[in-house]
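In the UniProt record's numbering, the protein residues as written are 1 to 256.
Beta carbons are placed, not taken as given, at the ideal position from N, Cα and C, and that holds for glycine.
Note that the structure is a prediction, hence the values are computed from the model and not measured.
Worksheet for the structure shown next.
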C-alpha cells in the first residue's frame with residue numbers, strides 16, 4: 001500500500017501521527033476506449049480553447065469563475081483555508097456507530113501510526129473497542145473537507161468518510177404515497193418472511209460475480225470462441241394478491 005495522506009489524529013490534547021491508506025479497491029474492469037474501425041486507442045488532450053493547442057500538464061492551473069473572470073487557486077490557498085484540518089483529523093465528539101445512517105457512508109481508509117510502538121495509538125484503539133463508540137471528526141483531503149468517523153476494525157483504527165447532512169437530498173422531491181394501507185395479516189406475513197431470511201452478516205459469502213462472468217466472456221472471445229450468453233428467466237407470480245405472493249415466498253424458502 002502507498003500512503004495517500006500524512007498527518008495526525010487529535011484526541012483531546014493527545015496528537016497521534018499517522019498515515020492514511022485506501023482501504024478499498026475497485027473490482028470493475030479497466031476498459032480502454034478504442035476506434036471501432038481499427039481498434040486504435042482514443043487519446044484525450046488538454047486543449048486551450050483559444051489557441052487550439054495542447055497545454056502541458058505543468059501549465060494547467062485551477063480557477064473559480066467569479067463574476068465574469070477567473071480567480072486562480074494555488075496549492076497554498078487550499079491549505080490556507082483550513083491549515084489545521086489539512087494536517088489533523090480532530091475528533092470533536094464520540095458517537096454510537098449504529099446511529100450513523102448507511103446513506104451517509106462514503107469510503108474508508110486504514111491508518112498506520114507514523115512511529116513504532118505508539119502507545120497513544122494503542123490506547124485510542126483499545127478505548128474505542130471497549131466503549132463501543134466512534135470518534136466524529138473533520139479533515140481536508142484532496143482540497144475537500146470531509147466529515148468522518150474514526151472507529152476500530154480488528155487491529156487498526158479506520159477513518160471512514162461520511163456525507164454532510166446538506167449532501168442528502170430531501171425526500172419531499174419524490175412522488176411518494178403516504179396513504180397506502182397495509183393489512184395486519186400482510187404485515188405479519190412480511191415480518192415472517194424477513195425472519196425466515198434473517199442470518200448473521202457474513203460478507204465473505206458474496207463475490208463480484210458479474211466481474212467474473214464478464215472476464216469469462218472476454219477470455220472466450222480472446223480464444224475466438226462464442227461465449228455462452230445466459231438467458232434471463234423471469235419468475236412469474238402465481239397471484240396478483242400481495243398476501244398470496246408473501247405466502248408463496250415463505251413456502252419457496254422452506255423448500256430451498
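Checklist entry - Between residue 72 and residue 175, what straight-line distance do the alpha-carbon atoms span, to the nearest angstrom? => result Here the alpha carbon of residue 72 sits roughly 42 Å from the alpha carbon of residue 175.
Item to check | Counted within 10 angstroms of its Cβ, other Cβ atoms place residue 204 as buried (16 or more) or exposed | outcome: Per the 10 Å Cβ criterion, exposed.
Next on the checklist: At the level of alpha carbons, what is the spacing between residue 154 and residue 54?
Outcome noted: Put simply, the backbone Cα of residue 154 is about 49 Å away from that of residue 54.
Next on the checklist: On the criterion of 16 or more Cβ atoms from any shown chain inside 10 Å, does residue 124 qualify as buried, or is it exposed?
Outcome noted: Buried is the call here.
Next on the checklist: As a quick exercise: from 26, 139, 110, pick the residue whose alpha carbon is nearest that of residue 207.
Outcome noted: Of the candidates 26, 139, 110, the one whose C-alpha sits nearest the C-alpha of residue 207 is 26.
Checklist entry - Counting only runs that start and end within the UniProt domain "Ku" (52-179), where is the beta strand (DSSP E) found for 3 or more residues in a row? => result Taking only runs of at least 3 residues, the beta strand (DSSP E) segments lying wholly in the UniProt domain "Ku" (52-179) are 62-66, 69-73, 88-96, 105-113, 133-141, 144-153, 156-162.
Item to check | Local conformation of residue 39 per DSSP, three classes | outcome: Coil.
Item to check | Whole-Å CB distance - residue 89 paired with residue 7, under 8 Å assumed | outcome: Right, the Cβ-Cβ distance comes to about 7 Å (below 8 Å), so this counts as a contact.
Checklist entry - Three-state secondary structure (DSSP) at residue 27? => result Coil.
Next on the checklist: Could you pull the DSSP bridge partners for residue 6 from this structure?
Outcome noted: DSSP lists 19 as the bridge partner or partners of residue 6.
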